[in-house]
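> Here the sequence shown is numbered in UniProt numbering, starting from 1 and rising by one per residue.
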Amino acid sequence: MTAFKQIIVVEGRDDTKRLTEAFGPIDTIETRGSAIDQATLDLIKKAQATRGVIVLTDPDFPGEKIRKTISAAVPGVTHAFLPVKEAVPNHKGSLGVEHASPAALKEALAHLVTEQPNATPLCPRAVLLAAGLLGGPNARARRERLGDLLHIGYTNGKQLQKRLALFEISEDAFAAALKQLNKEEPHA
1 MTAFKQIIVV EGRDDTKRLT EAFGPIDTIE TRGSAIDQAT LDLIKKAQAT RGVIVLTDPD
61 FPGEKIRKTI SAAVPGVTHA FLPVKEAVPN HKGSLGVEHA SPAALKEALA HLVTEQPNAT
121 PLCPRAVLLA AGLLGGPNAR ARRERLGDLL HIGYTNGKQL QKRLALFEIS EDAFAAALKQ
181 LNKEEPHA
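1) For the structure I just gave you, are there three or more beta carbon pairs, one from the stretch 119-127 and one from the stretch 82-95, closer than 8 Å?
2) Below 8 Å between beta carbons: does that hold for ALA80 and LEU43?
3) Could you compute how far the alpha carbon of ALA188 sits from the alpha carbon of ASN182?
4) Against chain B, does LEU95 count as a neighbour if the rule is that its beta carbon must be under 8 Å from one of theirs?
5) Cβ of ILE29 within 8 Å of Cβ of VAL9?
6) Going by Cα to Cα distance, which pick from LYS5, LEU178 and GLN38 is closest to THR69?
7) Beta-carbon within less than 8 Å of SER170's beta-carbon, same chain only, minus the 5 sequence neighbours each way: which residues are those?
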């Protein structure tokens, strides 16, 4: 018996190994990088239809590319996001799920978000601008921290509004995260 009903989609075998260390037996599908072939996408579609999938990729550009590819091919998948600071290697190398501690993986997988492909934006662009999340000297850092607080990962300014809608982040959840963010940054 595995720790999760769903199958976890990861980038490679080192990610699978780290998840197994954290959770025991676990079922994964490995994309083997960001150039996902059709056979892998078909396998993810089948897994989504039968058991559901959780996408857990590295918090970097290739990881985001994998998420977008999967989301386009398999709408409605569930995501877990690992904060950048939790994926930093102890030695040379790139960010990765394989570097995360068991506690960080458990935290990421405890806060799953499921895509709602036809969701309408709930947060007007003007609100994001007024909150210092678009444009301005600290906007990038604020978006990164907001993504961590809401468990939706980092987005650029153009994608923030879309991701808030895609994961149906409520106005209350957004307001609470923004309040926490402002509390952490007294100059904001």
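Just so it is clear, CB atoms sit at the ideal spot from N, CA and C, and this is done for glycine as well.
Considering the structure as presented:
1) no
2) no
3) Because the pLDDT of ALA188 is 44, which lies under 50, any placement of that residue in the model is unreliable, and the question is left without a value.
4) The structure shown contains no chain B; it is built from a single protein chain.
5) yes
6) A check of alpha carbon separations from THR69 across LYS5, LEU178 and GLN38 identifies GLN38 as the nearest.
7) LEU122
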